[in-house]
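Have a look at the structure below, then the notes.
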């Protein structure tokens, strides 16, 4: 984002020291370590953001969407990395924590998109990441925006079918 001209990036992590040193030292980066993103507020972030990018682990995006929406501009774009292994629940994970069933992956993306719609964010696009996660999980990019329509079942099905299996 910084290489593409972002004036500022807010990096939120519940842990500490996860962000690369070079980025931590960049004056354009506001580092919010030890911060639970579910409790993120405009007071912490400052002015509303025009682009929200989220690549989270060990927490469902459905839990953080209200906070992300609350700190964004009214016409902000959202690019979320949906990781089915953190959306479907432990009882549905396969060996090694991998979600192998395409129907479960579809359900995970649908749940996030539906939760987003519930906070006023419609879906502009969905596509499978060409690069599986470290354990082999197929992950999906979800582009959201206020005023956009609910996720298209056809677009979601195409993303599931076209993406890595």
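Residue numbers (my numbering): 1 to 165. Don't be surprised by glycine CBs; every beta carbon is placed ideally from N, CA and C. Given the structure is predicted, the values throughout are model-derived calculations rather than measurements.
Simplified DSSP state of residue i, which is helix, strand or coil
i: residue 54; result: strand
i: residue 26; result: coil
i: residue 91; result: helix
i: residue 117; result: helix
i: residue 135; result: coil
i: residue 35; result: coil
i: residue 154; result: helix
i: residue 6; result: coil
i: residue 12; result: strand
i: residue 104; result: helix
i: residue 97; result: helix
i: residue 67; result: helix
i: residue 62; result: helix
i: residue 148; result: coil
Residue environment, residue i, which counts as buried when at least 16 other CB atoms sit within 10 Å
i: residue 121; result: buried
i: residue 16; result: exposed
i: residue 123; result: buried
i: residue 78; result: buried
i: residue 131; result: exposed
i: residue 86; result: buried
i: residue 150; result: exposed
i: residue 91; result: exposed
i: residue 99; result: buried
i: residue 12; result: buried
Spatially closest choice to residue i from the options, by CA coordinates
i: residue 1; options: 13, 16, 17, 23; result: 23
i: residue 152; options: 126, 35, 26, 86; result: 126
i: residue 128; options: 82, 13, 48, 29; result: 82
i: residue 18; options: 6, 56, 43; result: 56
i: residue 5; options: 35, 13, 50, 12; result: 50
i: residue 80; options: 156, 164, 112; result: 112
i: residue 102; options: 159, 48, 67, 29; result: 159
Straight-line Cα distance separating residue j from residue i
i: residue 54; j: residue 65; result: 10 angstroms
i: residue 37; j: residue 74; result: 19 angstroms
i: residue 40; j: residue 110; result: 24 angstroms
i: residue 58; j: residue 70; result: 22 angstroms
i: residue 62; j: residue 27; result: 31 angstroms
i: residue 114; j: residue 106; result: 12 angstroms
i: residue 116; j: residue 21; result: 33 angstroms
i: residue 138; j: residue 52; result: 22 angstroms
i: residue 42; j: residue 48; result: 7 angstroms
i: residue 146; j: residue 118; result: 11 angstroms
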